[in-house]
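Heads up: the sequence shown is residues 1 to 166, going by UniProt numbering.
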Amino acid sequence: MKHLALLRSALPLTLLTLAACAEPIEERPDTEETALPVEPDGGIGDGAEPLPEILGKDIPRGLHGRWGLVPADCTSTLGDAKGLIDIDAEGIKFYESRAVVDEVEAKEATMIRASFAFSGEGQEWTRDMEWRLSDDGMQLTRSESGDEAIPDPLTYTKCEAEGEAS
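Structure (structure tokens):
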């Protein structure tokens with residue numbers, strides 16, 4: 001017990017001695033702080049590449065729209081545009097089926113590589129596909145991999161929006 005009482009009485013003196021050894025705040029050298037500018041994409045202005053899109057299950061905005069394998073797919077009014085696709089954030093509508101993103105492998109503003117879950121005509125299946133937008137934004141290439149994949153890439157051309165002239 002005596003040791004505990006002695007330790008309690010020495011503690012305030014020990015803390016006071018340690019505090020006296022510390023350098024006073026006003027005598028510490030000023031450090032120069034430089035704020036980095038914020039980049040438009042939310043980066044810190046250090047020239048680093050922007051962060052990639054979060055790998056959510058939405059399809060990148062650059063791929064959205066109506067696309068046809070042949071020009072007639074974009075203009076047919078007979079309902080026979082078998083090569084027409086319509087892409088939005090939630091999926092891809094084909095002639096007689098719909099595909100939604102199941103698992104994303106890679107995604108950028110102009111590309112998505114993912115497993116897609118299809119449904120149509122009373123059936124369900126999956127396909128591993130990559131969709132890549134051309135540099136000019138007018139063509140979209142679809143490549144498949146895995147079992148039952150289409151062997152050669154398919155290239156779709158962007159359909160003109162209603163009211164656009166060629």
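Think of the CB as a built atom: it goes at the ideal place given N, C-alpha and C, for glycine as much as any other residue. Quick caveat: nothing in here was measured; it's all calculated off a predicted structure.
Exposure of residue i, with buried meaning 16 or more beta-carbon neighbours within 10 Å
i	result
Gly122	exposed
Leu84	buried
Ile59	buried
Asp73	buried
Gly146	exposed
Pro52	Here Pro52 scores only 49 on pLDDT, less than 50, and its place in the model is too uncertain to base an answer on.
Tyr95	exposed
Ile87	buried
Trp67	buried
Ala114	buried
Residue i in three-state terms, based on DSSP
i	result
Asp152	coil
Asp73	helix
Leu84	coil
Gly68	strand
Leu140	strand
Leu133	strand
Gly120	strand
Glu53	Model confidence at Glu53 stands at a pLDDT of 48, short of 50, so the residue's coordinates are unreliable; what they give is reported in the following sentence. In this structure, Glu53 counts as coil in the three-state DSSP scheme.
Residue i versus residue j - alpha carbon distance
i	j	result
Ala109	Thr126	23 angstroms
Lys93	Leu140	15 angstroms
Gly120	Asp135	32 angstroms
Thr75	Glu148	30 angstroms
Gly56	Pro71	32 angstroms
Leu78	Cys159	16 angstroms
Residue from the options with nearest C-alpha to residue i
i	options	result
Ser143	His64, Glu160, Met111 and Glu124	Met111
Leu63	Thr157, Ala149, Leu133 and Leu154	Leu133
Ala161	Thr77, Asp102, Gly65 and Ser76	Gly65
Ser97	Lys82, Ile150 and Pro71	Lys82
Cβ separation of residue i and residue j, assumed to be a contact under 8 angstroms, to the nearest whole Å
i	j	result
Glu124	Phe116	Not quite, the Cβ-Cβ distance comes to about 11 angstroms (not below 8 angstroms), so this is no contact.
Val100	Glu90	6 angstroms
Glu138	Thr157	A quick correction: the sequence has Met, not Glu, at residue 138. Indeed they touch by this definition, with Cβ atoms about 6 angstroms apart.
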